[in-house]
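Structure, as structure tokens:
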Amino acid sequence: MVKKVAILTNGGDAPGLNAVIRAIVKTARTYGVEAYGYIEGYKGLLNNNYVKLDLQGNASGLLNKGGTIIGTSNSTNVFNYKVVNDDGSVEYKDLSDICVKNIQEAGFDCLFTLGGDGTQKSSRDFSLKGVNCIGVPKTIDNDVAHTDMTFGYNTAVSVAVEALDRLHTTAEAHHRIMVLETMGRYAGWLALESAIAGGADVALIPEIPYDINKVVDKINERRARGKEFSIVVTSEGAMPKDGTITVKKTLNDGSGLDNIRLGGVGEKLAGQLEELTGMVARNTTLGYVQRGGSPSAFDRVLSTKYGCKAMELAMAGIFNVLVTYKNGAMSYISLEEVVGNNKKIGAASGNTKESNIRKVPMDDDLIKVARNLGICLGD
Ligand code: F6P
Numbered sequence: 179m180v181k182k183v184a185i186l187t188n189g190g191d192a193p194g195l196n197a198v199i200r201a202i203v204k205t206a207r208t209y210g211v212e213a214y215g216y217i218e219g220y221k222g223l224l225n226n227n228y229v230k231l232d233l234q235g236n237a238s239g240l241l242n243k244g245g246t247i248i249g250t251s252n253s254t255n256v257f258n259y260k261v262v263n264d265d266g267s268v269e270y271k272d273l274s275d276i277c278v279k280n281i282q283e284a285g286f287d288c289l290f291t292l293g294g295d296g297t298q299k300s301s302r303d304f305s306l307k308g309v310n311c312i313g314v315p316k317t318i319d320n321d322v323a324h325t326d327m328t329f330g331y332n333t334a335v336s337v338a339v340e341a342l343d344r345l346h347t348t349a350e351a352h353h354r355i356m357v358l359e360t361m362g363r364y365a366g367w368l369a370l371e372s373a374i375a376g377g378a379d380v381a382l383i384p385e386i387p388y389d390i391n392k393v394v395d396k397i398n399e400r401r402a403r404g405k406e407f408s409i410v411v412t413s414e415g416a417m418p419k420d421g422t423i424t425v426k427k428t429l430n431d432g433s434g435l436d437n438i439r440l441g442g443v444g445e446k447l448a449g450q451l452e453e454l455t456g457m458v459a460r461n462t463t464l465g466y467v468q469r470g471g472s473p474s475a476f477d478r479v480l481s482t483k484y485g486c487k488a489m490e491l492a493m494a495g496i497f498n499v500l501v502t503y504k505n506g507a508m509s510y511i512s513l514e515e516v517v518g519n520n521k522k523i524g525a526a527s528g529n530t531k532e533s534n535i536r537k538v539p540m541d542d543d544l545i546k547v548a549r550n551l552g553i554c555l556g557d
């Protein structure tokens with residue numbers, strides 16, 4: 179019998195987190211279940227820091243609210259936790275048993291883990307330790323395996339498209355090349371879909387290592403047609419053929435998805451394109467505006483569907499699964515299926531035996547559409 183559940187939001191935030199929380203808490207109320215939230219993701223679980231979620235109080239008015247009312251943490255891996263000893267030395271320890279004890283003592287019958295790949299990996303590991311976990315796939319990167327769309331992604335695309343509309347007018351006015359660097363980590367969904375929706379001329383994604391000369395050819399071909407400006411969208415994870423991904427910073431010991439921060443490829447590209455075309459080029463790195471603020475109408479509905487389904491699964495006693503959105507319907511799949519393969523994460527992995535990270539397949543409609551439109555994909 180499920181009587182008491184806890185929610186945690188972990189990893190980089192995404193629009194729709196609060197809408198999922200709201201949907202879980204409301205559905206819980208319908209079933210007579212109490213809902214709680216751990217503060218700052220797995221960090222709260224480790225520190226036993228949680229609050230009751232009250233629809234008359236702290237959990238009211240959440241549908242359109244950005245961020246997460248219970249906070250998040252994106253470098254806390256309790257299975258490999260950074261501990262600084264008294265003598266200043268650093269050790270990485272598995273502190274997950276403390277978390278399991280905290281859940282048991284609080285009497286939570288189910289833990290909802292709202293997060294991306296790293297979060298779900300820990301959720302799978304807690305499941306293996308006997309905790310009843312249900313994951314909900316959150317990320318603006320849209321790179322979680324077995325689900326067609328994560329919540330937050332649609333809003334992030336809309337933000338990038340608004341930026342592209344604005345970059346278009348200034349690019350045209352100044353006869354410039356405008357580069358827009360989007361987030362997305364090792365998957366190109368966000369960059370590619372934004373490029374199509376925003377009418378870009380070039381879209382560079384991690385799945386297709388680019389040849390800078392092909393980009394130059396595209397810009398020159400446009401100039402020959404009298405188009406004195408070009409719009410280039412690059413995913414932060416895009417990399418040149420025979421080159422490497424641009425890493426901005428490595429945190430902790432660099433292990434795990436959340437400890438490598440990508441960024442900087444847009445600036446590099448703008449410099450190179452200026453040199454190779456003789457045109458003026460500028461870069462805009464969109465950054466955190468992509469994941470801040472209010473969720474789109476689509477994401478509000480998707481998040482609500484995710485939250486309701488998660489609570490329904492708990493009531494049905496179906497645990498250790500990720501809620502999915504597949505072919506237009508809500509469903510679920512085992513957490514093992516989602517993250518079990520993720521031994522190797524990085525630019526070269528994805529949709530492979532070593533990693534389930536969902537990358538853009540080469541036969542995806544977005545790729546076909548881009549090619550049909552003449553958008554240069556750098557190859
Ligand atoms: O996974 C979501 C995301 O926003 C990525 O697109 C981006 O690479 C990363 O998080 C940034 O993480 P941080 O919050 O650590 O800077």
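Numbering (this note's numbering), first residue to last: 179 to 557. C-beta atoms are modelled at their ideal positions from N, C-alpha and C, and glycine is treated no differently. Just so you know, these numbers come straight off a predicted model, no measurement behind them.
Rounded to whole angstroms, what is the Cα-Cα separation between Thr291 and His352? Thr291 and His352 have their C-alpha atoms roughly 47 angstroms apart.
Could you check whether the stretch 330-344 touches the stretch 200-210, counting it as contact only if at least three pairs of C-beta atoms, one from each stretch, sit closer than 8 angstroms? No, they do not touch.
By the 10 Å Cβ neighbour count, where 16 or more other Cβ atoms means buried, how is Pro539 classified, buried or exposed? It is exposed - the Cβ of Pro539 has fewer than 16 other Cβ atoms within 10 Å.
So, helix, strand or coil for Ile409, using DSSP? Note: Ile409 maps to strand in three-state DSSP.
Report the rounded CA-to-CA distance for Ile185 versus Ala341, giving the unit in angstroms. Taking the straight line joining both Cα atoms gives about 33 angstroms.
Compare the beta carbon distance of Gly215 and Asn188 with 8 angstroms and say whether it is the shorter of the two. The beta carbons of Gly215 and Asn188 sit no closer together than 8 angstroms.
Nearest-angstrom Cα separation, counted from Ala548 out to Ser238: Spanning the two alpha carbons is a distance of roughly 42 angstroms.
Restricting to Cα atoms, I'd like to know which of Asn236, Asn225, Ala192 is closest to Ala213. Nearest C-alpha to Ala213: Asn236.
Hey, which residues come within less than 6 angstroms of ligand 1, measuring from Cβ to any heavy atom, in chain order? Listed by chain position, these are Gly190, Asn252, Gly294, Thr317, Ile318, Asp319, Met361, Gly362, Arg363, Glu414, Arg439, Leu440, Arg469.
Within 8 angstroms, strictly: CB atoms of Ile355 and Gln450: In this structure, Gln450 does not lie closer than 8 angstroms to Ile355 by Cβ.
Straight-line CA distance for Leu274 to Leu480? Just to set this straight, residue 274 is Ser in the shown sequence, not Leu. Rounded to whole angstroms, the separation of the alpha carbons of Leu480 and Ser274 is 31 angstroms.
Close-in-space but distant-in-sequence residues of the same chain around Asp557 (CB under 6 angstroms, 5 per side omitted): The beta carbon of Asp557 is closer than 6 angstroms to those of Ile386 in its chain, skipping five residues each way along the sequence.
What does Phe257 pair with, by DSSP beta-bridge criteria? The partner list for Phe257 (beta bridge, DSSP) is empty, contrary to what the question assumes.
Can you give the Cα-Cα distance for Gly293 and His346, rounded to whole angstroms? The straight-line gap from Cα to Cα measures roughly 34 angstroms.
Would you mind working out which of Thr317, Asn227, Thr208, Glu359 sits nearest Arg536, comparing C-alpha positions? Of the candidates Thr317, Asn227, Thr208, Glu359, the one whose C-alpha sits nearest the C-alpha of Arg536 is Thr317.
At least 3 beta-carbon pairs within less than 8 angstroms: the stretch 484-500 vs the stretch 463-475: At 8 angstroms Cβ cutoff, the stretches do not touch.
Does the separation of the CB atoms of Val393 and Val410 fall below 8 angstroms? Contact flag set, yes.
Which residues mark the beginning and the end of the beta strand (DSSP E) in which Arg439 is found? Note, Arg439: beta strand (DSSP E), 438-440.
Taking Leu382 as part of the beta strand (DSSP E), name the residues at either end of that continuous run. Counting along the chain, the beta strand (DSSP E) containing Leu382 begins and ends at 380-382.
Indicate whether Ala313 and Ser301 have their beta-carbon atoms separated by less than 8 angstroms. Inspection of the sequence shows that residue 313 is occupied by Gly rather than by Ala. Between Gly313 and Ser301, the C-beta gap is smaller than 8 angstroms, which places the two residues in contact.
What is the DSSP secondary structure of Asn461, reduced to helix, strand or coil? Here Asn461 sits in strand by DSSP.
Under a three-way DSSP split, which group does Phe497 fall into? Here Phe497 carries a coil assignment [DSSP, helix/strand/coil].
Just how far apart, CA to CA, sit Val357 and Tyr388? Rounded to whole angstroms, Val357 to Tyr388 spans 15 angstroms at the Cα level.
CA nearest to the CA of Ser413, picked from Gly376, Met361, Gln468, Asp379: From the listed residues Gly376, Met361, Gln468, Asp379, the smallest Cα separation to Ser413 is found for Met361.
With DSSP as the reference, identify every bridge partner of Leu544, one or two as the case may be. DSSP lists no bridge partner for Leu544.
Alpha helix (DSSP H) segment containing Ile397, residue limits: First-last of the alpha helix (DSSP H) with Ile397: 390-402.
Answer yes or no: do Val183 and Asp287 have a C-beta to C-beta separation smaller than 8 angstroms? Cβ atoms of Val183 and Asp287: closer than 8 angstroms.
Taking DSSP as the reference, what is the three-state secondary structure of Thr422? Reduced to three states, the DSSP call for Thr422 is coil.
Spatial neighbours of Met457 in its chain, beta-carbon cut-off 6 angstroms, leaving aside the 5 residues before and after: Within the same chain, Ile355 come within 6 angstroms of Met457 by CB-CB distance, once the 5 residues on both sides are set aside.
Helix, strand or coil, according to DSSP, for Ser472 in the structure here? Coil.
Looking at the strands, I want to know which residues DSSP matches up with Ile318. None, per the DSSP bridge assignment.
By the three-class DSSP mapping on this structure, what secondary structure does Val443 have? DSSP places Val443 in helix when its eight states are reduced to three.
Under a three-way DSSP split, which group does Ile281 fall into? Here Ile281 sits in helix by DSSP.
Val180 burial status per 10 Å Cβ neighbour count (16 or more: buried): Counting the other Cβ atoms within 10 Å of the Cβ of Val180 gives 16 or more, which makes it buried.
Quick one: which unbroken alpha helix (DSSP H) runs of 4-plus residues sit fully inside the stretch 294-341? Chain order, please. Counting only runs of 4 or more, we get 295-306.
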